[in-house]
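Written below as structure tokens is the structure these notes are about.
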Amino acid sequence: MNKSAIQFALYLHQYPEAGLQQWQMMRTLPQGMSDMLQIAASGQKRAEVADSLGIDEKSFQQALIKFLQLVISDHQKSPYRGLAARDNVSLDICTKHKKLLQNIFHPDKFHDEKSRLSEHMCIISLSHKQQCQFLLVY
Numbered sequence: 002m003n004k005s006a007i008q009f010a011l012y013l014h015q016y017p018e019a020g021l022q023q024w025q026m027m028r029t030l031p032q033g034m035s036d037m038l039q040i041a042a043s044g045q046k047r048a049e050v051a052d053s054l055g056i057d058e059k060s061f062q063q064a065l066i067k068f069l070q071l072v073i074s075d076h077q078k079s080p081y082r083g084l085a086a087r088d089n090v091s092l093d094i095c096t097k098h099k100k101l102l103q104n105i106f107h108p109d110k111f112h113d114e115k116s117r118l119s120e121h122m123c124i125i126s127l128s129h130k131q132q133c134q135f136l137l138v139y
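As structure tokens, this is what we get:
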């Protein structure tokens, strides 16, 4: 499997069972996580990409968010996962991902899921803190 992050998010959204099976076999995150985060964080970019793919923007947003939730839920495997970053990226990329994820999962954007989003925000902050400590030591 050699899918980009967006391709995998859409595949997972369309085929949840098969997507989860593939996810469990993946050792690294797919390429393009930074691009996907920028698209997920920007309504304008998200709408443009959804339009270019011929997909409903709301459905596209849901696919991206569900995939990001899955990635973040694996934060215990690696703090990089809590930042939706591939292993061994720089502190600058970790910080960029933290800001984008905080924008995506900001509680004001999801009125009906505040408790779960609060958990995501804690995971994101904790993962960034762990990465800062680790990268500053080495």
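Residue numbers for the sequence shown, in our numbering: 2 to 139. The C-beta atom is built at its ideal place from N, Cα and C for all residues, glycine as well.
The segment 12-20 makes no contact with the segment 78-86, as fewer than three CB pairs between them are under 8 Å. For V50, same chain residues with a beta-carbon under 6 Å away, outside a window of 5 residues either side, are I40 in chain order.
Per the coordinates, the alpha-carbon of L102 lies some 14 Å from the alpha-carbon of G44. Pairing A48 with I56, the inter-Cα distance amounts to about 9 Å.
A distance below 6 Å between beta-carbons, with the five flanking residues on each side excluded, links K46 to the following residues of its chain, in chain order: I40.
Spatial neighbours of H121 in its own chain (CB-CB distance under 8 Å, excluding positions within 5 residues in sequence) are listed in chain order as Q70, I73, L102 and F106. Ranking Q132, K59 and D88 by CA distance to the CA of M34 puts D88 first. The continuous stretches of alpha helix (DSSP H) do not include N89, and DSSP gives it neither H nor E. About 4 Å separates the CB atoms of M37 and A6; that is less than 8 Å, so the two are in contact.
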